[in-house]
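A.B. asks:
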Amino acid sequence: MIDVDIIRKEFPILERSVAGKPMVYLDNTATSQAPLSVVREIERIYTHSRANVHRGVHTLSQEMTDLQEHCRMRVREFINAGSIEEIIFTRGTTEAINLVANSFGSFFKAGDEVILTVMEHHANIVPWQLLRERIGIVLKVVDINDKGELDLEEFKRLFGPKTVFASFCHVSNVLGTVNPVKEMVDYAHSRGVPVLIDGAQASPHLKIDVEELDCDFYAFSAHKMYGPSGVGVLYGKKQLLEKMPPWQGGGEMIGKVTFEHTTFADLPFKFEAGTPDYIGIAAFSKALEFIDNLGLENIERHELEISRYAEEKLKMIPGIKIYGEAQYKGPVISFLFNGTHPYDLGMLLDKQGVEVRTGHHCAMPLMDRLGIPGTVRASFAVYNTLKEADIFIEAVRKAAAILS
Ligand code: PMP
């Protein structure tokens, strides 16, 4: 069970005020706050163990390497990957997707087709467009229905003899839609097509089991999971990663270097060029521990209780329109008021201490599809309370009265 009062003590930032009011932080989809265990681990390492990883026999370097590799083991367990060789540390989801587009994408040729969906974050659109510019692949895009759910029949229809890859989000960062990824992976595989799942918005809320999903790649970011910024993970199936060429070159990813020829390190290091954010990675272990201690099912239940309560109340305010009403939906509410600009509403909420995100949420094609410039987005984490949901609703009511 979740005891929010106890959890909130782990997050001193939640006690601060904004505009002279107690802050209500509802921008968790962009970045969630980090508990003291994460903050203290960063401080402990800076004051005790900081040294570059994998490069020394000295004690500090070995301690730091152990901390980093311990995190890799934790991540493996967290997503039930087959081995630590399948866990590659990146700067975030964005870099993980770029890695796949550049490395696995080097197998594609002009005319090959990659399937995306209209609800993708720019991180899962632009890397494929860059590849299109370079080699002339073709992008096919799955549409959504009025509730913001993917059109699965269209998804299946888009597969053809030239389809070489499919890349889609597990959970939409705007609509909250939880996509039927298992069904999508199974279908893609029945057509011989490998898939990448952008799990940036799923990993903080849902149990991820990459073995069960059988996806070929899965990407996510630590900073949305109560962890530090600058750290992300790419899971990839070992047999694919082994065949893929390195993307970035530099230290750590090599076997032997001469000016004539370079051999590469084994997995996962082949894909980890340069000094990683080893302190962030080490502290990410503490974030995973925080999630494990609470239990993802409990976290999800709590977040959905608050977000559904808030959504029901929000709908009762005249002039409010909600974007994204999928049957399976994460703790995210995107909305607009009576055709007013999302920034106006967002600014009025900030003046009342309520921190929500406004704008296109790095999903401009989805905004075009919905025919709007952006939305106001409230998103919830395990430390949010029903009382905060009430403050949020009251703040929207006041803002709506001003904008009317
Ligand atoms: N995909 C989705 C669905 C996201 O929500 C985000 C972050 N908003 C990203 C990718 C990019 O994550 P990052 O900026 O951590 O690389």
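FYI, in the working numbering the residues of the sequence shown are 7 to 410.
Ideal Cβ placement from N, Cα and C applies to all residues, glycine included.
All values reported here derive from a predicted model rather than from experimental measurement.
1. Would the segment 120-131 and the segment 170-183 be scored as touching if the rule is three or more Cβ pairs under 8 Å?
2. By the three-class DSSP mapping on this structure, what secondary structure does Ser196 have?
3. Measure the CB-CB distance between Ala116 and Gly142 and report whether it falls below 8 Å.
4. Of all the alpha helix (DSSP H) runs that stay within the bounds of the segment 82-129, which reach a length of 4 or more residues?
5. Using the C-alpha atoms, what's the distance from Arg22 back to Pro41?
6. Is the beta carbon of Val388 sitting closer than 8 Å to the one on Leu355?
7. How close, in whole Å, do the beta carbons of Pro200 and Leu246 come, if the pair is a contact with beta carbons under 8 Å?
8. Specify, as a first and last residue, the run of the alpha helix (DSSP H) that Val184 falls within.
9. Roughly how far, in whole angstroms, is the beta-carbon of Gly205 from the beta-carbon of Phe226, given that I think they are within contact range, below 8 Å?
10. Sorry if obvious, but does the Cβ on Ser209 come closer than 7 Å to a heavy atom of ligand 1?
11. Spatial neighbours of Lys244 within its chain, please: CB distance less than 6 Å, with the 5 preceding and 5 following residues excluded, ordered by chain position.
12. Can you grab the Cα-Cα spacing for the pair Gln476 / Glu47, in whole Å?
13. Check each residue's C-beta against every heavy atom of ligand 1 and list, in chain order, those closer than 5 Å.
14. Please state whether DSSP places Val263 in a helix, a strand or coil.
15. By how many angstroms is the C-alpha of Cys221 removed from the C-alpha of Lys249?
16. Could you give the DSSP three-state label for Ile323: helix, strand or coil?
C.D. replies: Per the coordinate set shown:
1. These segments touch.
2. Secondary structure of Ser196 (DSSP, three-state): helix.
3. With respect to Gly142, Ala116 sits close: the two C-beta atoms are nearer than 8 Å.
4. Within the segment 82-129, the alpha helix (DSSP H) runs of at least 4 residues that lie entirely inside it are, in chain order, 99-109.
5. When the Cα atoms are used, Pro41 and Arg22 turn out to be separated by approximately 15 Å.
6. With respect to Leu355, Val388 sits apart: the two C-beta atoms are not nearer than 8 Å.
7. Cβ-Cβ separation between Pro200 and Leu246: approximately 7 Å, consistent with a contact (criterion under 8 Å).
8. No alpha helix (DSSP H) contains Val184, which DSSP labels as neither H nor E.
9. Correct: roughly 4 Å between the Cβ atoms.
10. For Ser209, the shortest separation between its Cβ and any heavy atom of ligand 1 does not lie below 7 Å.
11. For Lys244, where only same-chain residues beyond five positions count, the Cβ hits under 6 Å are Glu91, Glu92.
12. Outside the modelled stretch of the chain, which goes from 7 to 410, sits residue 476, for which no answer is possible.
13. Matched residues: Gly98, Thr99, Thr100, His127, Ala129, Cys175, Asn179, Asp204, Ala206, Gln207, Ser227.
14. DSSP places Val263 in strand when its eight states are reduced to three.
15. Put simply, the backbone Cα of Lys249 is about 17 Å away from that of Cys221.
16. Three-state result, Ile323: coil.
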